[in-house]
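Counting in our numbering, the sequence shown runs from 35 upward without gaps. The structure appears right after this line, and notes come after that.
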Amino acid sequence: IPAQEEQRLYTVMQAQYTGEKRNISPLEARIGALDQRDPVARAYVQAQTDALEKKAAGLTRAGLDAGSEEALAAALTAWAQGKEQEHAG
(Lines of atoms letter the chains of each structure in order from A and count residues from 1; the text may use other names and numbers.)
(Lines give C-alpha, C1' and ligand atoms only; values in the text may rest on other atoms or scores of the structure.)
Protein backbone atom coordinates (compact mmCIF):
# COMPACT_ATOMS: atom_id res chain seq x y z
CA ILE A 1 0.00 0.00 0.00
CA PRO A 2 1.71 3.23 -1.04
CA ALA A 3 1.41 6.40 0.98
CA GLN A 4 2.67 9.88 0.22
CA GLU A 5 3.74 12.74 2.44
CA GLU A 6 4.75 15.85 0.52
CA GLN A 7 7.16 14.54 -2.15
CA ARG A 8 8.11 11.32 -0.32
CA LEU A 9 6.55 7.98 -1.23
CA TYR A 10 6.37 5.18 1.33
CA THR A 11 5.25 1.59 1.00
CA VAL A 12 3.61 -0.64 3.54
CA MET A 13 3.40 -4.38 3.06
CA GLN A 14 0.19 -6.08 4.02
CA ALA A 15 0.44 -9.87 3.98
CA GLN A 16 -1.37 -12.79 5.46
CA TYR A 17 -0.07 -16.35 5.66
CA THR A 18 -2.43 -18.80 4.01
CA GLY A 19 -0.17 -21.83 3.72
CA GLU A 20 -0.85 -21.84 -0.01
CA LYS A 21 2.02 -21.62 -2.49
CA ARG A 22 1.45 -19.20 -5.34
CA ASN A 23 3.56 -18.18 -8.32
CA ILE A 24 3.68 -14.47 -9.00
CA SER A 25 4.99 -12.46 -11.91
CA PRO A 26 8.01 -10.15 -11.62
CA LEU A 27 5.55 -7.25 -11.95
CA GLU A 28 3.49 -8.43 -8.97
CA ALA A 29 6.68 -9.12 -7.01
CA ARG A 30 7.78 -5.52 -7.63
CA ILE A 31 4.53 -3.65 -6.90
CA GLY A 32 2.09 -6.11 -5.37
CA ALA A 33 -1.62 -5.74 -6.02
CA LEU A 34 -2.07 -1.99 -6.36
CA ASP A 35 -5.18 -0.15 -7.51
CA GLN A 36 -4.44 1.38 -10.93
CA ARG A 37 -6.94 4.18 -10.22
CA ASP A 38 -5.07 5.36 -7.11
CA PRO A 39 -2.89 8.40 -7.95
CA VAL A 40 -0.44 7.56 -5.14
CA ALA A 41 -0.09 4.01 -6.49
CA ARG A 42 0.58 5.43 -9.94
CA ALA A 43 3.25 7.77 -8.51
CA TYR A 44 4.85 4.82 -6.71
CA VAL A 45 4.88 2.78 -9.93
CA GLN A 46 6.45 5.71 -11.79
CA ALA A 47 9.19 5.91 -9.14
CA GLN A 48 9.82 2.17 -9.51
CA THR A 49 9.94 2.56 -13.30
CA ASP A 50 12.44 5.42 -13.04
CA ALA A 51 14.66 3.34 -10.74
CA LEU A 52 14.59 0.35 -13.10
CA GLU A 53 15.37 2.52 -16.13
CA LYS A 54 18.32 4.07 -14.28
CA LYS A 55 19.59 0.60 -13.32
CA ALA A 56 19.16 -0.64 -16.91
CA ALA A 57 21.10 2.34 -18.27
CA GLY A 58 23.94 1.63 -15.83
CA LEU A 59 24.04 -2.03 -16.77
CA THR A 60 24.07 -1.14 -20.46
CA ARG A 61 26.93 1.34 -19.96
CA ALA A 62 28.84 -1.42 -18.18
CA GLY A 63 28.30 -3.76 -21.12
CA LEU A 64 25.95 -6.02 -19.17
CA ASP A 65 22.54 -7.40 -20.07
CA ALA A 66 19.72 -5.11 -18.93
CA GLY A 67 16.94 -7.05 -20.64
CA SER A 68 15.03 -8.09 -17.53
CA GLU A 69 15.15 -4.57 -16.07
CA GLU A 70 13.98 -3.09 -19.37
CA ALA A 71 11.15 -5.65 -19.64
CA LEU A 72 9.98 -4.97 -16.11
CA ALA A 73 10.14 -1.19 -16.67
CA ALA A 74 8.00 -1.66 -19.80
CA ALA A 75 5.51 -3.76 -17.81
CA LEU A 76 5.33 -1.07 -15.13
CA THR A 77 4.70 1.58 -17.78
CA ALA A 78 1.95 -0.57 -19.30
CA TRP A 79 0.42 -1.02 -15.84
CA ALA A 80 0.43 2.74 -15.25
CA GLN A 81 -1.31 3.22 -18.59
CA GLY A 82 -3.96 0.66 -17.66
CA LYS A 83 -2.56 -1.97 -20.00
CA GLU A 84 -1.29 -4.46 -17.44
CA GLN A 85 0.51 -7.43 -18.92
CA GLU A 86 0.28 -10.93 -17.52
CA HIS A 87 4.00 -11.10 -16.73
CA ALA A 88 7.28 -9.40 -17.38
CA GLY A 89 10.86 -10.64 -17.34
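Every residue, glycine too, gets a C-beta built ideally from N, C-alpha and C. Being a predicted model, the structure only gives us computed values, none of them experimental.
Are the Cβ atoms of Tyr78 and Leu110 separated by less than 7 angstroms?
It is not a contact, given that the beta carbons lie outside the stated cut-off.
In chain order, which continuous runs of the beta strand (DSSP E) of length 3 or greater are located wholly inside the region 35 to 112?
The region 35 to 112 contains these whole beta strand (DSSP E) runs: 36 to 39, 42 to 45.
Let me confirm a value: Arg71 is counted as buried when at least 16 other C-beta atoms fall within 10 Å, else exposed. Which label applies?
Counting the other Cβ atoms within 10 Å of the Cβ of Arg71 gives fewer than 16, which makes it exposed.
Are there three or more Cβ pairs, one per stretch, closer than 8 angstroms when the region 60 to 70 is compared with the region 79 to 95?
The region 60 to 70 vs the region 79 to 95: in contact.
Could you tell me if Arg64 is buried or exposed, where buried requires 16 or more neighbouring beta carbons within 10 angstroms of its beta carbon?
By the neighbour-count rule (16 or more Cβ atoms within 10 Å), Arg64 is buried.
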